[in-house]
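What follows is a single structure, written as structure tokens, with notes after it.
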Amino acid sequence: MNRDEQECLYTIDQKQITTLIETEETTVLVTISGKNNQPLKVKKLLPQKQLTIHEKEQIVNYIADWFDLTTDIGPFYKIVENDPLLRPLLPSLYGLRIIGVPSLFEALCWAVLGQQINLAFAYRLKRDFIQTFGHSITYNNETYWTFPKVQDIAVLTTEQLLQVKMTKRKSEYIINIAKQIANKELSKTKLLQINDMDQIEKSLVNIRGIGPWTANYCMMRCLRDPNAFPVADVGLLNAVKRFKNLAEKPSKAEMLELSKNWTGYKAYATFYLWRGNNVL
DNA sequence: AGCCAGGAGATTT
DNA sequence: AAATCTCATGGC
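Going by this note's numbering, the first sequence opens with residue 721, and the numbers climb by one from there.
In structure tokens:
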């Protein structure tokens, strides 16, 4: 999780994560830590008042969702054992789960602003977006940010987003998505209720600015479909090219053939290949 | 300097 | 329908 120094939604030190988590009632600053095979420890730093059971539940649920703690990755590791491409990655990545983006708005914004630009620049855009339109609190001389609120972005003009180096089109996409979420046309609950992944993808792709890549990215990291698959993802193609020692990036047909073996866990295979780039 | 980046929509064929 | 062009800015 600490692959990017510009990440401002959480900090990591001494294998401990510090982040703001928003419940319906309040915003809570927590630290999350854990040792191998032991339950995660969550500690509240702010606010000082006692949290209600309801608030605590929301925080626990958020963290469980964020780290995908309820998915059984056993079947995925069966696949990995028999997959020459994934097997070498396992020693370094063992236990890794798909780090999610529980908020639909955040997931879609992050995907849209990352379209067709290099990751370093994407992180910069995200940081500038958050630090311009999000909210922060300071604790022990450290500033912690929350992602911009749907209502705040829905009322912006494209010109206001251009100031954080967003392109005009991305500005339009993001504001439009914010508007649809703000007026309840679009919500995570509604999407999940569709329950058929192909139909969910279709309804996402119907939204301007969301193509097959963004839809699958969102299904993978927010809607938690373990089989979502951004086939044409450049990072994925480059990872396959690298780990298979190919001269060129694999074709779509090759990717589809390769991914047959990952059926049920294509999102996990994708995530492991992405992260494989960082560890091998 | 030039290619390309965790794409999508519009236009042309 | 499928191929091609345009958007647009920065990293390397």
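For every residue, glycine included, the Cβ atom is placed at its ideal position computed from N, Cα and C.
Looking at the secondary structure, which residues open and close the beta strand (DSSP E) in which residue i lies?
i, result
"I737", "736 to 742"
"E745", "Unbroken run through E745: none, as it is neither H nor E."
"K869", "Run containing K869: none; DSSP gives neither H nor E here."
"K763", "761 to 766"
"D733", "730 to 733"
"S907", "That residue, S907, is in no beta strand (DSSP E); it is neither H nor E in DSSP."
Between which two residues does the alpha helix (DSSP H) harbouring residue i extend?
i, result
"W830", "824 to 833"
"V821", "Unbroken run through V821: none, as it is neither H nor E."
"Y988", "986 to 999"
"S856", "Segment 855 to 859 is the beta strand (DSSP E) holding S856; no alpha helix (DSSP H) there."
"L924", "917 to 925"
Count the other CB atoms, across all protein chains shown, that sit within 10 Å of the CB of residue i; report buried if there are 16 or more and exposed otherwise.
i, result
"T739", "buried"
"Y985", "buried"
"L1056", "Any answer about residue 1056 is impossible in this case: the structure gives the chain only from 721 up to 1000."
"L789", "exposed"
"D918", "exposed"
"Y937", "buried"
"V954", "exposed"
"K846", "buried"
"I850", "buried"
Considering only the alpha carbon of each residue, which of the options lies closest to residue i?
i, options, result
"V884", "L824, D788, D848", "D848"
"R844", "I857, S856, W830, H855", "W830"
"E744", "K869, T878, I920, F841", "K869"
"I894", "Q778, A948, N915, F853", "F853"
"L765", "V821, S812, I857, E826", "I857"
Could you check the C-alpha separation between residue i and residue j for me, to the nearest Å?
i, j, result
"S823", "W786", "9 angstroms"
"E974", "Q836", "22 angstroms"
"Y782", "M721", "16 angstroms"
"R941", "V925", "16 angstroms"
"D733", "N860", "14 angstroms"
"E725", "E801", "33 angstroms"
"I741", "F841", "26 angstroms"
"L1000", "R723", "14 angstroms"
"D916", "M939", "11 angstroms"
"K904", "Q871", "11 angstroms"
"A898", "E826", "10 angstroms"
"L966", "A959", "10 angstroms"
"E921", "N756", "36 angstroms"
Are the CB atoms of residue j and residue i within a distance shorter than 8 angstroms?
i, j, result
"I752", "V762", "yes"
"L749", "Y864", "yes"
"T746", "P759", "no"
"Y988", "I793", "yes"
"N947", "I799", "no"
"K890", "L833", "yes"
"Y901", "S907", "For the record, residue 901 in the displayed sequence is Ile; it is not Tyr. Closer than 8 angstroms, so yes."
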